[in-house]
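Colleague: This structure is in structure tokens; I'll ask about it shortly.
Number of protein chains: 2
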Amino acid sequence: MHSLTEENYLKAIYKLLEKGEKKISTTAIAALVETAPASVTDMLKKLAEKKLIRYEKYQGVTLSGSGKKVAVDIIRKHRLWEFFLVEKLGFSWDQVHDIAEQLEHIKSEALITRLDHFLGNPKADPHGDPIPDEHGVFHALNTIPLSAVTVNVPVIITGVIDHRPVFLRFLEKEGYALGKKILVKEKLEIDQSVTLLLSGSKKLKHISHDVARNILVLPEKTK
Amino acid sequence: MHSLTEENYLKAIYKLLEKGEKKISTTAIAALVETAPASVTDMLKKLAEKKLIRYEKYQGVTLSGSGKKVAVDIIRKHRLWEFFLVEKLGFSWDQVHDIAEQLEHIKSEALITRLDHFLGNPKADPHGDPIPDEHGVFHALNTIPLSAVTVNVPVIITGVIDHRPVFLRFLEKEGYALGKKILVKEKLEIDQSVTLLLSGSKKLKHISHDVARNILVLPEKTK
DNA sequence: ATAATTATTTAGATTTGCCTAAATAATATA
DNA sequence: TATATTATTTAGGCAAATCTAAATAATTAT
Chain A
1 MHSLTEENYL
11 KAIYKLLEKG
21 EKKISTTAIA
31 ALVETAPASV
41 TDMLKKLAEK
51 KLIRYEKYQG
61 VTLSGSGKKV
71 AVDIIRKHRL
81 WEFFLVEKLG
91 FSWDQVHDIA
101 EQLEHIKSEA
111 LITRLDHFLG
121 NPKADPHGDP
131 IPDEHGVFHA
141 LNTIPLSAVT
151 VNVPVIITGV
161 IDHRPVFLRF
171 LEKEGYALGK
181 KILVKEKLEI
191 DQSVTLLLSG
201 SKKLKHISHD
211 VARNILVLPE
221 KTK
Chain B
1001 MHSLTEENYL
1011 KAIYKLLEKG
1021 EKKISTTAIA
1031 ALVETAPASV
1041 TDMLKKLAEK
1051 KLIRYEKYQG
1061 VTLSGSGKKV
1071 AVDIIRKHRL
1081 WEFFLVEKLG
1091 FSWDQVHDIA
1101 EQLEHIKSEA
1111 LITRLDHFLG
1121 NPKADPHGDP
1131 IPDEHGVFHA
1141 LNTIPLSAVT
1151 VNVPVIITGV
1161 IDHRPVFLRF
1171 LEKEGYALGK
1181 KILVKEKLEI
1191 DQSVTLLLSG
1201 SKKLKHISHD
1211 VARNILVLPE
1221 KTK
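Residue numbers (our numbering), protein chains in the order written: chain A, 1 to 223; chain B, 1001 to 1223.
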């Protein structure tokens, strides 16, 4: 079995790989796991010995097959717990991350199988991030940022890109939530800001391009 | 905050105190936390320094007020999670202990408050053990062992003393469960064995004194 | 291309929790 | 009560994960 710390390193590397780059730097990992770069080097050696990563001095890191599996499994657990915390316990978007960060390390396959079933095998967590299935497969939705939506085509909120509590609290306060309908009425050339109608509210809302590109949506009818 | 290990030591000491003795021995703790006595001595010094226990060389240990609080809190969490695992996720009696042992160390007061509420503020876990409230108060029931029940007085199963999986699986197989009604028809002088009717079944059941004294019951009407 | 800067690794220590072996105290037995 | 046994503690070490400071490699800028 892997230690909690090892799991956190693998998760960090996975997240960095997800963001684009092919080779991950020691410093980037250090920032994510909140530790000194020297400590990261130590851990990378250890993970490489266990064949969880591919690592050569000064050359950066990638995940091996088994390392990726561990990382995806942690992410699956994290997102299932987040879903539980929001849907069953009534937490709000911005409160669940730290708790899920602890729960994701509980070791019991039976627990996750049953939790998944109890929750109705959800496909996405409360932020709209996809939840991989038990084989580690993501059933990704075809979401696009709200900033890219065509005027007068109804869409549904399916997720967010920015996960910072401050952003999530802003959305919540303004009435945005997963599943809500949006109709974009106008996109301003000058600053790409968006004027829209949010289901449940009659008043037009105006949001900046910066906010719009952090909200993910799906055209209403799409399968 | 206390480490997971510290919490487990405090829980072990609490459990031993619960079983009667006033002063707890190093060896007894070592057996419960599955470690060498010498390691226990180390930890006792540490806990004493933090004022979580009262400890003097060769004289055994008791919990301080704050130590007891930590222990009871862990027990509260453990039992709430057990309740969750059985009632919501459908685990059976004998499967939940190890998982709850991990979950009990998750640190979030809000989580436990909400979980407690979600579960309907249960007063006892799936084994019938009382769940302390948020102030650490146990609302103990007036249970008696089935072996002490008067003939022809209907009682309800409220708990067990023996927690071993093997015993729990036996009960489950035989149809005994929390909340089931029992009517004792006869107690044999010779070996104190019990003949009874279990609600749901028409056939008389016979159990040994040893089994009967490990099943806790409550007279049907009692408040 | 050389120098300066930044990133990474090595070296040596620290902390936590654990171990074994040896020493000492407490308890039980003869 | 003296001795044997058992329990507990001390001493010295180990492994995991971390740290700081120093050394080295890679990158960027001149």
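For glycine and all other residues, C-beta sits at the position ideal for the given N, C-alpha and C. For clarity, every value in this text was computed on a predicted model and none was experimentally measured.
Measuring straight from C-alpha to C-alpha, what distance separates residue 86 of chain A and residue 177 of chain A?
Modeller: Their Cα atoms are separated by approximately 12 angstroms.
Colleague: I'd like the list of long-range same chain contacts for residue 222 of chain A, defined as Cβ closer than 6 angstroms, with 5 residues on each side in sequence excluded.
Modeller: Its pLDDT being 45, under 50, residue 222 of chain A is placed unreliably in this model, and the value from its coordinates should be taken loosely. Cβ within range, chain order: n/a, list empty.
Colleague: Does any residue of chain A have a CB that is nearer than 8 angstroms to the CB of residue 1103 of chain B?
Modeller: Closer than 8 angstroms to some Cβ of chain A, the Cβ of residue 1103 of chain B qualifies, so yes.
Colleague: Residue 1014 of chain B and residue 1068 of chain B look like a contact to me (Cβ under 8 angstroms); what is the Cβ gap, rounded to whole Å?
Modeller: Confirmed, about 7 angstroms.
Colleague: Taking a contact to mean a Cβ-Cβ separation below 8 angstroms, would you say residue 175 of chain A touches residue 204 of chain A in this structure?
Modeller: Taking 8 angstroms as the Cβ cut-off, residue 175 of chain A and residue 204 of chain A do not qualify as a contacting pair.
Colleague: Measure the alpha-carbon distance for residue 1123 of chain B versus residue 1010 of chain B and round it to whole angstroms.
Modeller: Cα-Cα distance, rounded: 23 angstroms.
Colleague: Apart from the five residues just before and just after residue 60 of chain A, which ones in its own chain have a Cβ nearer than 7 angstroms to its Cβ?
Modeller: If we look at residue 60 of chain A and ignore the five residues flanking it on each side, its Cβ neighbours are 23, 24 and 25.
Colleague: Counting C-beta neighbours from all protein chains within 10 Å, is the total for residue 1159 of chain B 16 or more, i.e. buried, or is it exposed?
Modeller: Residue 1159 of chain B comes out buried.
Colleague: With 8 angstroms set as the bound, which would you pick, yes or no: does the beta-carbon of residue 1164 of chain B sit closer than that to a beta-carbon of chain A?
Modeller: No - not a single Cβ of chain A is within 8 angstroms of the one on residue 1164 of chain B.
Colleague: Report the CB separation of residue 219 of chain A from residue 153 of chain A in whole angstroms; it is logged as a contact under 8 angstroms.
Modeller: Sure, about 6 angstroms apart at Cβ, within 8 angstroms.
Colleague: Do residue 16 of chain A and residue 4 of chain A have their CB atoms nearer than 8 angstroms?
Modeller: It is not a contact, given that the beta carbons lie outside the stated cut-off.
Colleague: Starting from residue 92 of chain A, find everything on chain B with Cβ-Cβ shorter than 9 angstroms and list it in chain order.
Modeller: Neighbours of residue 92 of chain A on chain B: none; closest Cβ ~11 angstroms, over 9 angstroms.
Colleague: Compare the beta carbon distance of residue 1295 of chain B and residue 89 of chain A with 8 angstroms and say whether it is the shorter of the two.
Modeller: Residue 1295 of chain B cannot be examined here, being either before or after the span of chain B that is shown, 1001 to 1223.
Colleague: Using only the alpha-carbon positions, how far apart do residue 137 of chain A and residue 1125 of chain B sit?
Modeller: Spanning the two alpha carbons is a distance of roughly 36 angstroms.
Colleague: Closer than 8 angstroms, CB to CB, is residue 77 of chain A near chain B or not?
Modeller: Judged by the 8 angstroms Cβ criterion, residue 77 of chain A is not in contact with chain B.
Colleague: Taking 7 angstroms as the limit between beta carbons, can you name the residues of its chain near residue 64 of chain A, skipping five residues before and five after?
Modeller: Cβ neighbours of residue 64 of chain A beyond the five flanking positions: 51, 52, 53 and 54.
Colleague: So residue 103 of chain A and residue 1106 of chain B are supposed to be a Cβ contact under 8 angstroms. How far apart are they, rounded?
Modeller: At roughly 6 angstroms, the Cβ-Cβ gap stays under 8 angstroms, so residue 103 of chain A and residue 1106 of chain B are in contact.
Colleague: Measuring only the C-alpha atoms, how far is residue 131 of chain A from residue 79 of chain A?
Modeller: If you take the alpha carbons of residue 131 of chain A and residue 79 of chain A, they lie about 6 angstroms apart.
Colleague: Mind listing the chain B neighbours of residue 88 of chain A? Cutoff is C-beta to C-beta under 7 angstroms, in chain order.
Modeller: Near residue 88 of chain A (Cβ distances below 7 angstroms), the residues of chain B are 1118.
Colleague: Counting only Cβ-Cβ distances shorter than 7 angstroms, please list the residues of the segment 1179 to 1191 of chain B near chain A, keeping chain order.
Modeller: Taking 7 angstroms as the Cβ-Cβ cut-off against chain A, none of the residues of the segment 1179 to 1191 of chain B qualify.
Colleague: Please name the residues in the segment 1113 to 1145 of chain B whose beta-carbon is closer than 7 angstroms to at least one beta-carbon of chain A, in chain order.
Modeller: Going along the segment 1113 to 1145 of chain B in chain order, one finds 1114, 1115 and 1118 with a Cβ nearer than 7 angstroms to chain A.
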